[in-house]
Amino acid sequence: MSEHLWSEINKDSPVPLYYQIKESIQEALDEGIFKVGESIPSEMELCSIFEVSRPTVRQAISELVSDGALRKEKGKGTFVANKKFNYGSMQDIVTYYDKLIQRGYDPQTDILEKNLIKASKKLSEKLQLKLHEEVIKIKRLRKIDQEPIVIITNHIPYKLCPKLMEIDLKDKSLYRVIAENCGYKLQRSEVVFYPGLADKIEAELLHQQKGDPLQVINTVSIAQDGVLFDYFESKFRGNYGKIYSIVEN
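Sequential numbering from 1 applies to the sequence shown in the UniProt record's numbering.
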């Protein structure tokens, strides 16, 4: 790619060189000079274009990868990533499978874990259970077009829905299964949103690097008569999509 396509950097500016290079690359992406899936120039080529050191270029690229604008493939190069996926609203997250279907997607689900555990102090407080009471733990990896987007870990009191242990939940709406088999329907939810970082296992599942950003949502789901029937944690890829909230006065 010829040099005239790139914005010039000012080595006398107080703005760090890596940041100027990052902005120049982002500008090229915004203008469509590089299309989704295309490779950008190599680190060495960018060093030559901007007349800077390789660590400087590497830092610029690393930030664009973290931002979700670029993706790296080992041994192949750096490519323009897909535009950020709209995960949906905070309200959608609670019944996510059904909402994705309504939006025309074909979500896939891998069941990573489904077993009985004893309620920890945290779970007993969240679900108003006795300490060590039986809880069904369900851990799933949700994908869209085979691209992993979120790890969901649900905790449902066993006494509320024992049938759940016998049902295959792959590619099904968990809350629809609970409503149809156990009679509990979502009425409202309490949601807490905060940033997180991927550990080694989460990074592998979500096709990220250890320490990459996550969007973490903790939710308590409440059925009719105020029954607390689920406490779950959703860990979304932070560099892949966005979550919004609807506020009404």
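Every residue, glycine too, gets a C-beta built ideally from N, C-alpha and C.
Limits of the unbroken alpha helix (DSSP H) element including Asp230: Residue numbering aside, residue 230 sits at position 230 when the sequence shown is read from its first letter. Residue range Leu228 to Arg237 is occupied by the beta strand (DSSP E) that includes Asp230, with no alpha helix (DSSP H) assigned at that position.
Pick helix, strand or coil for Lys74, following the three-state DSSP scheme. The residue given as residue 74 occupies position 74 in the sequence shown. Lys74: coil per DSSP, three-state reduction.
Closest by CA to Pro16, which one among Pro41, Ser48, Val36 and Ser53? Residue numbering aside, residue 16 sits at position 16 when the sequence shown is read from its first letter. Considering only alpha carbons, the answer is Ser53.
Contact check, Ser189 vs Thr219, beta carbons under 8 angstroms: Taking the sequence shown and counting its residues from 1, the one referred to as residue 189 is at position 189. Taking the sequence shown and counting its residues from 1, the one referred to as residue 219 is at position 219. Taking 8 angstroms as the Cβ cut-off, Ser189 and Thr219 qualify as a contacting pair.
According to the neighbour-count rule (16 or more other Cβ atoms, all chains shown, within 10 Å of its Cβ), is Gln215 buried or exposed? The count along the sequence shown starts at 1 and reaches residue 215 at position 215. Answer is buried; the Cβ neighbour count reaches 16.
Could you pull out every residue in the same chain whose Cβ sits closer than 8 angstroms to the Cβ of Val135, ignoring the five residues on either side in sequence? If you number the sequence shown from 1, residue 135 lands on position 135. For Val135, where only same-chain residues beyond five positions count, the Cβ hits under 8 angstroms are Leu116, Ile117, Lys118, Ala119, Leu123, Leu127, Leu129, His155, Ile156, Pro157 and Tyr158.
Spatial neighbours of Gln187 within its chain, please: C-beta separation below 7 angstroms, excluding the five flanking residues on both sides. Against the sequence shown, residue 187 aligns to sequence position 187. Only Ile222, Ala223 and Gln224 meet the Cβ criterion.
Rounded Cβ spacing between Ile149 and Lys114 (contact assumed at less than 8 angstroms): Locating residue 149 in the sequence shown gives position 149, counting from the first residue. Locating residue 114 in the sequence shown gives position 114, counting from the first residue. 20 angstroms between Cβ atoms; not a contact.
Distance check for Thr78 and Leu141, CA to CA, integer angstroms please. What you label residue 141 is simply residue 141 of the sequence shown in a count that begins at 1. What you label residue 78 is simply residue 78 of the sequence shown in a count that begins at 1. One C-alpha to the other measures close to 26 angstroms.
Apart from the five residues just before and just after Lys143, which ones in its own chain have a Cβ nearer than 8 angstroms to its Cβ? Position 143 of the sequence shown, counted from the first residue, corresponds to residue 143. So the qualifying residues of the chain are Pro107, Gln108, Thr109, Asp110 and Ile149.
By DSSP, does Ile93 sit in helix, in strand, or in coil? Numbered from its first residue, the sequence shown carries residue 93 at position 93. Legend: pLDDT at Ile93 = 48, less than 50; position of this residue unreliable, value from coordinates given subsequently. Looking at Ile93 - three-state DSSP - the assignment turns out to be helix.
Backbone CA spacing between Ala22 and Glu63 [nearest angstrom]: Residue numbering aside, residue 22 sits at position 22 when the sequence shown is read from its first letter. Residue numbering aside, residue 63 sits at position 63 when the sequence shown is read from its first letter. The sequence given here has Lys at residue 22, not Ala. Spanning the two alpha carbons is a distance of roughly 8 angstroms.
Quick one: using the 10 Å Cβ neighbour count with 16 as the cut-off for buried, is Lys76 buried or exposed? Counted from its first residue, the sequence shown places residue 76 at position 76. Exposed, since its Cβ has fewer than 16 Cβ neighbours within 10 Å.
Hey, would you say Ile151 sits closer than 8 angstroms to Phe229, going by beta carbons? Position 151 of the sequence shown, counted from the first residue, corresponds to residue 151. Position 229 of the sequence shown, counted from the first residue, corresponds to residue 229. No, they are not a contact pair.
At 4 residues or longer, and completely inside the region 146–212: list those alpha helix (DSSP H) runs for me, N to C. Unbroken alpha helix (DSSP H) runs of no fewer than 4 residues, entirely contained in the region 146–212, are found at 174–182 and 200–205, following chain order.
Comparing alpha-carbon positions, which option in Phe236, Lys185 and His207 lies nearest Gly226? Within the sequence shown, residue 226 is the residue found at index 226, counting from 1. Measuring C-alpha to C-alpha distances from Gly226 to each of Phe236, Lys185 and His207 identifies Lys185 as the nearest.
Once you ignore the five residues that flank Arg58 on each side, which residues in its own chain have a CB closer than 8 angstroms to its CB? Stepping through the sequence shown from its first residue, residue 58 is reached at position 58. The answer, listed in chain order, is Glu43.
Option in Ala81, Ser39 and Cys161 with minimal Cα separation from Glu147: As a working mapping, residue 147 is identified with position 147 in the sequence shown. When each option's Cα is compared against that of Glu147, the closest is Ala81.
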